[in-house]
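Novice: Take this structure first; my questions come after.
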Amino acid sequence: MKCGVGRFIAAETLPETLDKVQGLNDEGLHVTLDFLGENVLDAEQAEEMAAMIGGLFPAIDRRKLKANVSVKLTQLGLKLDPALCLRHMERIVNEAAACRNFVRIDMEDSSVTQPTIDIFRSLLWRYGAKRVGLVLQSYLYRSERDAEQLGVGGTNLRIVKGAYREPPELAYPDKREVDAAYMRMVEGHLSRGGYAAVATHDPELIEQVLSFVRQAGISRDKFEFQMLYGIAGDLQRDLARAGYLVRVYTPFGREWYPYFTRRIAERPANLWFVAKHLIRS
Ligand code: FDA
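Residue numbering for the sequence shown follows the UniProt record's numbering, beginning at 1 and increasing consecutively.
This is the structure:
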């Protein structure tokens, strides 16, 4: 893969990706697999995506990997037809259930927040929190309320800061406010008895979460840390060695461009990293 893409994307093919997952598992890290794709507006392509994603569960099973799956609803045609997208998700969650596994719905930009929550709710009601979870973004003003409403009955929420460009009418423009909302969401969700996937590479927030769980007596089976493939590897391994469950979000496939540009945008220093690879290649 060109321009340093391989730092953030495991591989283009499934067999190569599963080898990388095995390597991460060998280091004590769990994985959530992301078959790259988004904004699919063609029914046939959405169908192919659903088949590929559903097929990940038996593939994980066959190799006895410690991995679950993350999915974006716009890759299953959410913007084309929400009813079709729900049917694809039902098929995927059925596959997950047959393999006693779990699928998490990623959260995309604010144009699809509500339809994403609607689909999650109907899947949660049908399959339960052991099979399906959701992501909420602390930069959106609405997310704390969404967490309160969805977080009853042990719901599994991944809490992130948020990766899309959103207007100040919808999202905190100030990073300090995003961080403060992040902590309120994690603490609130854990205090209500929910399961939290604490997804951040921010060492200060991780420290705050660790001191909160110690103080509040939250047991380790109520939360996990999640980080992205290729980012903060030392922190991932340190937390795993300290006995915490750490899960690496591991994207693979050919549709890497939008994911890759979000990772570059998050950290200007990454531009230098890409430039170095361009010069070498
Ligand atoms: P912050 O941006 O403050 O970064 C903290 C530190 O982490 C930085 O100082 C740097 O050291 C390191 N870092 C962060 N980003 C980096 C990068 N790109 N390259 C190199 N170093 C970097 N978002 C979303 O909107 N919907 C979603 O479904 C998800 N899903 C998701 C899953 C998982 C497992 C993670 C970890 C993140 C997401 N995100 C996401 C992305 C998330 O919203 C956010 O954009 C990134 O995690 C970066 O924010 P941090 O919390 O790491 O903090």
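Quick reminder that beta carbons are idealized off the backbone N, C-alpha and C, glycines included. All values reported here derive from a predicted model rather than from experimental measurement.
(1) Starting from Met-227, follow the beta strand (DSSP E) in both directions and report where the run begins and ends.
(2) So which of Asn-68, Asn-156 and His-88 has the shortest CA-CA distance to Val-31?
(3) Taking the alpha carbon of Gln-45 as the reference point, which residue from Leu-80, Glu-12 and Arg-142 has its own alpha carbon closest?
(4) Can Leu-228 be considered in contact with the ligand FDA, in the sense that its beta carbon sits closer than 8 Å to one or more heavy atoms?
(5) Phe-120 and Leu-150 - do their beta-carbons sit closer together than 9 Å?
(6) Can you pull the DSSP bridge partners for Ala-46?
(7) Span of the alpha helix (DSSP H) holding Ala-216?
(8) If distances are taken between C-alpha atoms only, which option among Gly-28, Ala-181 and Glu-48 comes closest to Gly-37?
(9) Around the Cβ of Gly-153, are there at least 16 other Cβ atoms within 10 angstroms (buried) or fewer (exposed)?
(10) For Gln-226 and Val-246, I'd like the C-alpha separation in whole angstroms.
(11) Given a cut-off of 9 Å on the beta-carbon distance, is the pair Leu-76 and Ala-59 in contact?
(12) Buried or exposed for Gly-133, going by 16 or more other Cβ atoms inside 10 Å?
(13) Do the region 18–33 and the region 233–242 touch if we need at least three Cβ pairs shorter than 8 Å?
(14) The beta strand (DSSP E) that contains Gln-75, what's its start and end?
(15) Secondary structure at Tyr-249, three-state DSSP: helix, strand or coil?
(16) On the DSSP bridge assignment, give the partners of Thr-32 in chain order.
(17) Is Glu-148 closer than 9 Å to Gly-188 when the C-beta atoms are compared?
(18) Buried or exposed for Arg-176, going by 16 or more other Cβ atoms inside 10 Å?
(19) How about Gly-253 and Phe-8: do their beta carbons lie closer than 9 Å?
(20) Please report how far the alpha carbon of Pro-168 lies from the alpha carbon of Asp-61, in whole angstroms.
(21) Identify every residue that forms a DSSP beta bridge with Gln-137.
(22) Would a C-beta distance cut-off of 9 Å place Arg-142 and Leu-124 closer than the cut-off?
(23) For Arg-192, does the three-state DSSP call read helix, strand or coil?
(24) Tell me whether Arg-63 sits in a helix, a strand or coil according to DSSP, three-state version.
(25) Which residues mark the beginning and the end of the alpha helix (DSSP H) in which Val-152 is found?
(26) Given this structure, state the Cα-to-Cα distance separating Val-21 from Gly-243, to the nearest angstrom.
(27) Would you mind working out which of Gln-114, Glu-108, Thr-155 and Ser-122 sits nearest Lys-161, comparing C-alpha positions?
(28) State the Cα-Cα distance for the pair Ala-97 and Arg-131, rounded to the nearest angstrom.
(29) Would Arg-158 and Val-178 be called neighbours here (beta carbons separated by less than 9 Å)?
Specialist: For this structure:
(1) 223–228
(2) Asn-68
(3) Leu-80
(4) yes
(5) yes
(6) Answer is none; Ala-46 lacks a bridge partner.
(7) 203–216
(8) Glu-48
(9) exposed
(10) 6 Å
(11) no
(12) buried
(13) yes
(14) Per DSSP, Gln-75 belongs to no beta strand (DSSP E) and is neither H nor E.
(15) strand
(16) Asn-68 and Tyr-249
(17) yes
(18) exposed
(19) no
(20) 44 Å
(21) Val-160
(22) no
(23) coil
(24) coil
(25) Premise fails: Val-152 is in no alpha helix (DSSP H) and is neither H nor E.
(26) 19 Å
(27) Glu-108
(28) 6 Å
(29) no
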